[in-house]
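Below you'll find the structure, written out as structure tokens, and then a few comments.
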Amino acid sequence: MTGWVMDKQIKILVVDDERVVRDGCHRVLTGKGFDVLTAENGEQAMDILPRESVDIILLDLKMPVMSGEEVLEKVQDQYPDIPVIIITGHGTIDTAVECMKTGAYDFVTKPFQLEQFLLTINRAAEKRNLGLKAKQFEEENIRNLYDLDLEKSRLKTIINCMANGVMVTNRNLEVVLHNPALMKLLEITGEVQNPVSLSQIIDHEDIIETLTWIQSDRAQDGEIISQEIKTGSSVVRAISAPALGPDNDVVGSVTVLEDITAFKQLDEMKSDFVNMVAHELRSPLVSIRQQNSVLLEGLAGPLEDKQKDFLERGMRKIDQLLELINDLLDIAKIAAGKHVQHLVPTDIDPIINETLALLETRAEDHHIQLNYSSENPKPVLADAKRIEEVFSNLITNAINYSPDGGKVDVSVAGLGEYMEIKVKDTGVGILEEELPKIFDKFYRVKHPKTRQVMGTGLGLAIVKGIIDAHHGTIHVESAPDKGTTFRILLPVITSHG
Ligand SMILES: Nc1ncnc2c1ncn2[C@@H]1O[C@H](COP(=O)(O)OP(=O)(O)O)[C@@H](O)[C@H]1O
Ligand SMILES: [Mg+2]
Numbered sequence: 239m240t241g242w243v244m245d246k247q248i249k250i251l252v253v254d255d256e257r258v259v260r261d262g263c264h265r266v267l268t269g270k271g272f273d274v275l276t277a278e279n280g281e282q283a284m285d286i287l288p289r290e291s292v293d294i295i296l297l298d299l300k301m302p303v304m305s306g307e308e309v310l311e312k313v314q315d316q317y318p319d320i321p322v323i324i325i326t327g328h329g330t331i332d333t334a335v336e337c338m339k340t341g342a343y344d345f346v347t348k349p350f351q352l353e354q355f356l357l358t359i360n361r362a363a364e365k366r367n368l369g370l371k372a373k374q375f376e377e378e379n380i381r382n383l384y385d386l387d388l389e390k391s392r393l394k395t396i397i398n399c400m401a402n403g404v405m406v407t408n409r410n411l412e413v414v415l416h417n418p419a420l421m422k423l424l425e426i427t428g429e430v431q432n433p434v435s436l437s438q439i440i441d442h443e444d445i446i447e448t449l450t451w452i453q454s455d456r457a458q459d460g461e462i463i464s465q466e467i468k469t470g471s472s473v474v475r476a477i478s479a480p481a482l483g484p485d486n487d488v489v490g491s492v493t494v495l496e497d498i499t500a501f502k503q504l505d506e507m508k509s510d511f512v513n514m515v516a517h518e519l520r521s522p523l524v525s526i527r528q529q530n531s532v533l534l535e536g537l538a539g540p541l542e543d544k545q546k547d548f549l550e551r552g553m554r555k556i557d558q559l560l561e562l563i564n565d566l567l568d569i570a571k572i573a574a575g576k577h578v579q580h581l582v583p584t585d586i587d588p589i590i591n592e593t594l595a596l597l598e599t600r601a602e603d604h605h606i607q608l609n610y611s612s613e614n615p616k617p618v619l620a621d622a623k624r625i626e627e628v629f630s631n632l633i634t635n636a637i638n639y640s641p642d643g644g645k646v647d648v649s650v651a652g653l654g655e656y657m658e659i660k661v662k663d664t665g666v667g668i669l670e671e672e673l674p675k676i677f678d679k680f681y682r683v684k685h686p687k688t689r690q691v692m693g694t695g696l697g698l699a700i701v702k703g704i705i706d707a708h709h710g711t712i713h714v715e716s717a718p719d720k721g722t723t724f725r726i727l728l729p730v731i732t733s734h735g
């Protein structure tokens, strides 16, 4: 319908002193769907305008009280957006043209030619429509810009006040956003204008490598990487994540840096304390053990069965305690990077044979068959004592966590650049959800069949620490009630180092 624009009925004000004209316009335009108001003179019109939201004015020039030109001037002054169409008789065409020069939208001549008249009105309605749309658009635009500005400054304030360092990179690995905390943590002084190349902000190879990795398509979806770096006097934890674009593609990265110096110091103090206590406990315990074994051997006089039994039980408790202390000391050394120290060309074969010999009695006690096979063994760079600790832990576990009558297969094989060592048992197995946790310190699986097995939960943590220090890998495969296989790969010595 013509009389409507943007869900709103177009309202036309007809200002003419001749009743016939007013009525005529009213009839014709109402018939076309417009909302029509009328005024007899300029004064009436100026009364209506503030009250009604008029879209178009049809204005006669020759009127009593106030002339059309005068009305036009006022309208243009107060309502510049409303198009005004002048109504003229033949005698006033010149004046109408003058009016158009001063800003009237168009004019129609009396007597009206219906078609022409409606065409003019419709064009004015169209113009009004466009005007309204433009205005609305402009208002929206201003509001959006305002919101955006507000959001931006809010975000900026938050990021600048954060205690953690924040660094955002773009696709080209340039830093596009950073905050004062970051500069402080990285001990950078002076202004840095974004974008700036990553290497100018951070010179840690590890971080650069990580961010390159995150932005490569080899990284897993949403992979988050945490690393510790040293910056001047502090230790900093950097957590990096990909920044995703609207299509979920990686468009950059976000890294948050946190000062963990105090935490590290505390952790060190805790380790020192445990270390000190363990040391202090070990010496008296060792001498108690020695004295007990003198008693047990009857060197201080013969013992009755009951006395012997009590002493033997005591010895077992002492051995458990010594095992815990030794494990704690090992863990402390691993944490300090001092556990594995003498890497020399070493043959694995004899170490395994020795370990198996030591554990033979324990295996026999549990009616467990120990098998060993070796194929194409090659020397590796290793600390023999520590490697023995690895095998001893794995084979002891294999025996401990197998029901009586089981079988433990140890095998060694040279596979190209690696030596593969496998310890395979037919024991209780480990549930899949427990597998990632068994290498954690103090972690022990709760299993009804192995409740009576004594242990510290430190063995595998030590094993992992030692293998890592040998640049090797350790993996575990297991199925409940079927058995468990630990597989170690150690790099062999190559002629070119
Ligand atoms: N061969 C195995 N079969 C089944 N469970 C095992 C085996 N080896 C280790 N585990 C599980 O992993 C846990 C951690 O092992 P470990 O670190 O050696 O500690 P500990 O033997 O002192 O408990 C064990 O408590 C046990 O539940
Ligand atoms: Mg163990």
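Numbering (the numbering used here), first residue to last: 239 to 735. Just so you know, even glycine gets a beta-carbon here, dropped at the ideal spot from N, CA and C.
Is it buried or exposed for residue i, if we count other Cβ within 10 angstroms and need 16 for buried?
{"i": "PRO480", "result": "buried"}
{"i": "THR469", "result": "buried"}
{"i": "ASP254", "result": "buried"}
{"i": "CYS337", "result": "buried"}
{"i": "ASN638", "result": "buried"}
{"i": "ASN398", "result": "exposed"}
{"i": "ALA401", "result": "exposed"}
{"i": "THR340", "result": "exposed"}
{"i": "LEU669", "result": "exposed"}
{"i": "ASP298", "result": "buried"}
{"i": "GLN351", "result": "exposed"}
{"i": "LEU393", "result": "exposed"}
{"i": "GLN200", "result": "The structure shown does not extend to residue 200, since the chain is modelled only from 239 to 735, so the question has no answer here."}
{"i": "VAL434", "result": "exposed"}
{"i": "GLN458", "result": "exposed"}
{"i": "ASN379", "result": "exposed"}
{"i": "VAL515", "result": "exposed"}
{"i": "PHE345", "result": "buried"}
{"i": "VAL488", "result": "buried"}
{"i": "ILE396", "result": "exposed"}
{"i": "ASN486", "result": "exposed"}
{"i": "THR268", "result": "exposed"}
{"i": "PHE724", "result": "buried"}
Starting from residue i, follow its DSSP beta bridges and name the residues at the other end.
{"i": "PHE345", "result": "ILE324"}
{"i": "HIS416", "result": "MET405"}
{"i": "HIS713", "result": "ARG725"}
{"i": "SER491", "result": "THR407 and PRO480"}
{"i": "GLN607", "result": "LYS645"}
{"i": "SER435", "result": "GLU412"}
{"i": "ASP543", "result": "Note: ASP543 sits in no beta bridge, so no partner."}
{"i": "PRO318", "result": "Note: PRO318 sits in no beta bridge, so no partner."}
{"i": "MET301", "result": "BP columns for MET301 are empty, so no partner."}
{"i": "TYR656", "result": "LEU653 and PRO729"}
{"i": "SER464", "result": "ILE477"}
{"i": "ILE294", "result": "ILE250"}
{"i": "VAL661", "result": "VAL648 and PHE724"}
{"i": "ALA620", "result": "VAL582"}
{"i": "LEU368", "result": "Answer by DSSP bridge pairing: none, since LEU368 is not bridged."}
For residue i, which option in the options has the closest C-alpha, if you only look at C-alpha atoms?
{"i": "ARG475", "options": "ILE712, THR493, MET507 and VAL322", "result": "THR493"}
{"i": "GLU627", "options": "GLU311, GLY697 and THR330", "result": "GLY697"}
{"i": "ARG500", "options": "TYR639, ASP621 and SER472", "result": "This sequence places Ala at residue 500; Arg is not what is there. Among TYR639, ASP621 and SER472, the Cα nearest to that of ALA500 is on SER472."}
{"i": "GLY804", "options": "VAL413, LYS390, TYR317 and GLU353", "result": "Outside the shown range of the chain, which is 239 to 735, sits residue 804, and nothing can be said about it."}
{"i": "ALA419", "options": "CYS263, ARG409, LEU560 and ILE439", "result": "ILE439"}
{"i": "THR593", "options": "GLY483, ILE556, ASN631 and ARG392", "result": "ASN631"}
{"i": "SER612", "options": "VAL618, ARG600, ILE586 and LEU597", "result": "ILE586"}
{"i": "PHE272", "options": "GLN503, ALA283, VAL252 and VAL701", "result": "VAL252"}
{"i": "GLU308", "options": "ALA372, ALA283, ALA595 and HIS713", "result": "ALA283"}
{"i": "PRO349", "options": "VAL434, ILE331 and LEU581", "result": "ILE331"}
{"i": "SER478", "options": "LYS687, ILE426 and TRP451", "result": "TRP451"}
{"i": "LYS576", "options": "LYS390, GLY703, ARG260 and ASP444", "result": "GLY703"}
{"i": "ILE712", "options": "PHE629, ALA574 and LEU619", "result": "PHE629"}
{"i": "GLY667", "options": "LEU673, THR722, VAL683 and LEU566", "result": "THR722"}
{"i": "GLU412", "options": "LEU449, ILE462, GLU290 and LYS508", "result": "LEU449"}
{"i": "SER491", "options": "LEU424, ALA574, ALA620 and GLU447", "result": "GLU447"}
{"i": "THR599", "options": "ASN614, VAL578, THR634 and HIS580", "result": "THR634"}
{"i": "ASN530", "options": "ARG551, GLU518, ASN513 and LYS390", "result": "ARG551"}
I'd like to confirm something about residue i: is its beta-carbon nearer than 8 angstroms to some heavy atom of ligand 4, or not?
{"i": "ILE659", "result": "Because ligand 4 does not appear in the structure shown, any question about it cannot be addressed here, the ligands present being ligand 1 and ligand 2."}
For the stretch 599-613 against the stretch 640-658, do three or more pairs of beta-carbon atoms, one drawn from each stretch, fall closer than 8 angstroms, so that the two count as touching? yes
When the Cβ atoms of the stretch 658-671 are set against those of the stretch 713-732, are three or more pairs found closer than 8 angstroms? yes
Would you check if the stretch 542-556 and the stretch 675-682 touch, i.e. whether three or more CB-CB distances between them fall below 8 angstroms? no
Contact shell at 6 angstroms, judged by CB to any heavy atom of ligand 2, ordered along the chain: ASN631, THR634, ASN635, GLY693 and GLY697
Does the stretch 356-367 come within contact of the stretch 317-333, defined as at least 3 CB pairs closer than 8 angstroms? yes
The stretch 403-420 / the stretch 375-392 touching (three or more Cβ pairs under 8 angstroms): no
Touching by the beta-carbon criterion (3+ pairs, under 8 angstroms), the stretch 520-540 and the stretch 551-561: yes
Can you confirm whether the stretch 558-572 touches the stretch 682-689 when touching is taken to mean that 3 or more C-beta pairs between the two stretches lie within less than 8 angstroms? no
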